[in-house]
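**Q** The structure's right below; bear with me while I get my questions together.
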Amino acid sequence: IEEDGEAEQRQRALLDAALAEKADEFEALQELRREGGGFFTPRQSLARTPSHSEQVNAPTEQLLDLSSPQSGAARTQAHTLEASTTLPSAGEKRLLSSPEEDPAAAMDPQDDLACAPTERLAGLATSSTHGIMEAVRSRTSKLNKEEIATIGSHTERLSSVVTRLALRLAATERRCAELESRLREQANVALAQVPSYASALKLPRRQEGIKMVPNPGPLLAVYPAEESADLKTADDTKAALKKAVDPTKLWVQVAKVRKVGNAGVLVQTTNEAAASRLKGAMPPTLRVAEPKRRQPQICLNRIEGNPSYEEILTTLHEQNLKEDQRWPLERVLKEAHGLFKKNSGVAGGAT
């Protein structure tokens, strides 16, 4: 008991000595403050503990466990608010580096993202995830390694998801472009297959068209009358015809005028009605006659084998008129007339 009493006395003595020393230091500091004119006055008011009589209306923060996910989320939110409210100086580099945007895109980012191509959207997502990781790994971040690793895994997964979506969107756009081109080709083919006069008359390449021989109109042979002794040449007859007959007044279309023998003129019209009107308007000094058609004669000599008349015509048809559909063999046999001398084996005068 005596030993415990001595130890307690020694402790009290040491405590009294320490208190006396601290009191001397406090007195010295007060003197220095009075002599120095507020040299040790703090720039801001020190927070003091409120007295028991004062009421504190501010809500007390609930203490959370540092290892809980709520604590990590709260620290992350606080750090984000602190980083967003803190403005960097003029020479300081921003932690979140974002791509430069034009003023129009800054005013209305939704429209800019709606009109942006797929490659730009993927690049914006990648740069955003990189900015998040730079902010998380900065010196001012208060996150531990486990929380940084968790955020890194989430951002990496987000980048992979955005990349997959960008690839799918690019494949879909390429597929849509292919379908549009096919639809255009099918539409052009369908329009080309619509029957029309131009497509019906269009011929393949290197194929000659059918030569359309115009149907000649009726001919009128005009000669001087017997009492017209002054009309001696074809030019005189032509001049007298132009002077006496006006095609515009008769509503007659003259296709061709050609001079012939015996001071005559051949006038070709377009139809029978025009020919009849022209014939009725002839003056007494001119007469109209029907033109005589020529009937050419062919003479075949030195024919071997003494063939018949039909065999000769068949051979001529095969050699000259076989591909002409207007002259079949039956028509040639019907319209050809000739003489055949059997004793000499010569056929002549065939027309």
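Residue numbers are given in our numbering: position 268 of the sequence shown equals residue 312, and the series is strictly consecutive.
Glycine included, each C-beta is placed from N, C-alpha and C at the ideal position.
None of these values were measured; they are calculated from a predicted model.
1) Helix, strand or coil: which one does DSSP assign to G261?
2) Rounded C-beta distance between T281 and Y267? I'm assuming under 8 Å.
3) Run the CB neighbour count on V301, radius 10 Å, all protein chains shown included, and call it buried at 16 or more, exposed below.
4) Under a three-way DSSP split, which group does A179 fall into?
5) Helix or strand or just coil, what does DSSP make of R164?
6) Counting C-beta neighbours from all protein chains within 10 Å, is the total for G305 16 or more, i.e. buried, or is it exposed?
7) Which value, in whole angstroms, describes the spacing of the CA atoms of A179 and A210?
8) Below 9 Å between beta carbons: does that hold for Q312 and P262?
9) Who pairs with R302 in a beta bridge, going by DSSP?
10) Beta-carbon within less than 7 Å of T170's beta-carbon, same chain only, minus the 5 sequence neighbours each way: which residues are those?
11) Please state whether DSSP places P291 in a helix, a strand or coil.
12) Got a sec, what are the start and stop residues for the beta strand (DSSP E) V376 sits in?
13) Between the C-alpha atoms of R54 and I192, what's the straight-line distance to the nearest angstrom?
14) Mind checking who A333 pairs with in its DSSP beta bridge?
15) Could you check the C-alpha separation between S352 and H361 for me, to the nearest Å?
16) Rank K303, V296, L310 by C-alpha distance to the C-alpha of E316 and give the top, closest one.
17) Got a sec, what are the start and stop residues for the alpha helix (DSSP H) I356 sits in?
18) Compute the Euclidean distance between the alpha carbons of A64 and F70, then round it to the nearest angstrom.
19) May I ask you to list the residues that DSSP assigns as paired with I192?
20) Hey, how far is the Cα of K186 from the Cα of L168?
21) Which value, in whole angstroms, describes the spacing of the CA atoms of Q74 and L58?
22) Please state the DSSP three-state secondary structure of Q74.
23) Return the CA-CA distance between R183 and R208, expressed in angstroms with no decimal places.
24) Thinking C-alpha only, which one of Q341, E348, N350, N364 is nearest H381?
25) Quick check: the Cα distance between E136 and D68, rounded to an integer number of angstroms?
26) What does the alpha-carbon distance come out to for the pair S240 and P248?
**A** Let me spell this out:
1) One-based indexing of the sequence shown puts residue 261 at position 217. The answer is coil: DSSP assigns G261 none of H, G, I, E or B.
2) Within the sequence shown, residue 281 is the residue found at index 237, counting from 1. Within the sequence shown, residue 267 is the residue found at index 223, counting from 1. For T281 against Y267, the beta-carbon gap comes to about 7 Å, under 8 Å, which counts as contact.
3) The count along the sequence shown starts at 1 and reaches residue 301 at position 257. By the neighbour-count rule (16 or more Cβ atoms within 10 Å), V301 is not buried but exposed.
4) Working through the sequence shown from its first residue, we reach residue 179 at position 135. The answer is helix: DSSP assigns A179 an H, G or I state.
5) Here residue 164 corresponds to residue number 120 of the sequence shown, with the count starting at 1. R164: helix per DSSP, three-state reduction.
6) Counted from its first residue, the sequence shown places residue 305 at position 261. With fewer than 16 Cβ atoms within 10 Å of its Cβ, G305 is classed as exposed.
7) As a first step, residue 179 must be located in the sequence shown, where it is residue number 135. As a first step, residue 210 must be located in the sequence shown, where it is residue number 166. The alpha-carbon atoms of A179 and A210 are separated by roughly 26 Å.
8) Translated into positions along the sequence shown, residue 312 becomes position 268. Translated into positions along the sequence shown, residue 262 becomes position 218. Contact: yes.
9) Looking up residue 302 in the sequence shown gives position 258. According to DSSP, which records beta bridges pairwise, R302 is partnered with L310.
10) Stepping through the sequence shown from its first residue, residue 170 is reached at position 126. So the list reads S203, once near-sequence residues are dropped.
11) Here residue 291 refers to the residue found at position 247 of the sequence shown. It is helical.
12) Position 332 of the sequence shown, counted from the first residue, corresponds to residue 376. That residue, V376, is in no beta strand (DSSP E); its alpha helix (DSSP H) goes 373 to 379.
13) As a first step, residue 54 must be located in the sequence shown, where it is residue number 10. As a first step, residue 192 must be located in the sequence shown, where it is residue number 148. Their backbone Cα atoms lie some 54 Å apart in a straight line.
14) Taking the first residue of the sequence shown as 1, we reach residue 333 at position 289. For A333, which the question treats as bridged, DSSP gives the partners A265.
15) As a first step, residue 352 is located in the sequence shown; it is residue number 308 there, counting from the start. As a first step, residue 361 is located in the sequence shown; it is residue number 317 there, counting from the start. About 14 Å.
16) Start at 1 with the first residue of the sequence shown, and residue 316 comes out as number 272. Looking at the Cα atoms, V296 is the closest of the given residues.
17) Here residue 356 refers to the residue found at position 312 when the sequence shown is read from its first residue. That run of the alpha helix (DSSP H) goes 353 to 364.
18) As a working mapping, residue 64 is identified with position 20 in the sequence shown. As a working mapping, residue 70 is identified with position 26 in the sequence shown. The alpha-carbon atoms of A64 and F70 are separated by roughly 10 Å.
19) Residue mapping note: residue 192 aligns to position 148 of the sequence shown, counting from 1. Answer is none; I192 lacks a bridge partner.
20) Within the sequence shown, numbered from 1, the residue matching residue 186 stands at position 142. Within the sequence shown, numbered from 1, the residue matching residue 168 stands at position 124. Rounded to whole angstroms, K186 to L168 spans 27 Å at the Cα level.
21) For the purposes of this step, residue 74 is identified with residue 30 of the sequence shown, where counting begins at 1. For the purposes of this step, residue 58 is identified with residue 14 of the sequence shown, where counting begins at 1. Going by the C-alpha atoms only, they are around 25 Å apart.
22) In the sequence shown, residue 74 corresponds to position 30, counting from 1. Secondary structure at Q74: helix, using DSSP grouped into helix, strand and coil.
23) Working through the sequence shown from its first residue, we reach residue 183 at position 139. Working through the sequence shown from its first residue, we reach residue 208 at position 164. Cα to Cα, R183 sits roughly 33 Å from R208.
24) Here residue 381 corresponds to residue number 337 of the sequence shown, with the count starting at 1. Nearest option by C-alpha distance: Q341.
25) For the purposes of this step, residue 136 is taken as residue 92 along the sequence shown, with counting starting at 1. For the purposes of this step, residue 68 is taken as residue 24 along the sequence shown, with counting starting at 1. Summary for E136: the model assigns pLDDT 44, below 50, so the residue's position carries little reliability, and this model does not support an answer.
26) Taking the first residue of the sequence shown as position 1, residue 240 is located at position 196. Taking the first residue of the sequence shown as position 1, residue 248 is located at position 204. Their Cα atoms are separated by approximately 16 Å.
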